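Before any comments, here is the structure.
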Amino acid sequence: AYKRFSELLPKEERENACSLRVPKSLILTLPELRANPFQHRICHVFSTSEAGDDSMSFEDFLDMLSVFSDSATSDIKSHYAFRIFDFDEDGLLDRKDLEQLVNCLTGQGEESRLSSAEMDQLIGNVRPHLAGHRCCIAPGTELTSLPPQILEESDIDKDGSINLAEFQHVVSRSPDFVSSFKIVL
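First residue of the sequence shown? That's 2 in our numbering, and the numbers climb one at a time after it.
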């Protein structure tokens, strides 16, 4: 991990890698993140930068690798997945967060965005639930049919949003979650 982190720095700075921060732009050059639709959110969630620039220290980098490793527990992985999907950082996954999540998965271009009607159908009025799909952050894994009626099926307390406990409950019913929520360097 240290070698990979230090290689992101200019050669003359590599000796002091443990005390430096790597800019987000360089973190995003890692092949494991480059193709990831949540690359910016991943950097944001794991960065402890007080400047708010999403740069990473070696410790931040280790935290990220630890969460995405095979040895991380389902609870840890689901906690960080929730934080990554919570775009407005209010501690809840609401309709806006789910729309942003879908837009990340389907692509950022206008031609690939779902229409309002398609988004309504996906988030609000068909059947399955989060546990029946592979919504993965790890590159190389695919999304197989994002579940319609995400809110209705996952919102156990019916308050119009998904809290961490509800998200973890849904994820606990997904056998592929732990094995697909990973980044291998």
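From the three backbone atoms N, C-alpha and C, an ideal C-beta is built for every residue, glycine too.
Computed from a prediction, not measured in an experiment: that's the story for all the values here.
- At a cut-off of 3 residues, not a single continuous stretch assigned as beta strand (DSSP E) sits fully inside the stretch 18–48.
- The criterion of a C-beta distance shorter than 7 Å is satisfied by residue 157 and residue 167.
- Only residues of its own chain outside the window of five on either side were considered, and among them 7 and 8 have a CB closer than 8 Å to the CB of residue 15, listed in chain order.
- In the DSSP assignment, residue 5 falls within the unbroken alpha helix (DSSP H) covering 3–7.
- In this structure, DSSP gives residue 79 a helical state, which the three-state scheme calls helix.
- In chain order, 77, 78 and 81 place their CB closer than 7 Å to the CB of residue 68, counting only its own chain and leaving out the 5 sequence neighbours on each side.
- Scanning its chain for C-beta atoms nearer than 7 Å, with the 5 sequence neighbours on each side dropped, one finds around residue 98 the residues 86, 87, 88 and 89, in chain order.
- The secondary-structure analysis by DSSP pairs residue 58 across a beta bridge with 22.
- Per DSSP, residue 175 lies in no alpha helix (DSSP H) and is assigned neither H nor E.
- Close CB contacts of residue 46 within its chain, under the 7 Å cut and outside five residues either way in sequence, are with 81, 84 and 85 (chain order).
- The C-beta separation of residue 183 from residue 71 comes to about 6 Å, placing the pair in contact by the 8 Å criterion.
- The Cβ atoms of residue 65 and residue 23 lie no closer than 7 Å to each other.
- Here residue 163 carries a strand assignment [DSSP, helix/strand/coil].
- When the beta-carbon positions are compared, residue 18 and residue 10 come within less than 7 Å of each other.
- Ranked by Cα distance from residue 20, the first of 186, 59 and 96 is 59.
- Burial of residue 162 is indicated by the presence of at least 16 other C-beta atoms within 10 angstroms of its C-beta.
- When DSSP states are grouped into helix, strand and coil, residue 186 belongs to the coil group.
- Under DSSP, residue 94 takes part in a beta bridge, and its partners are 163.
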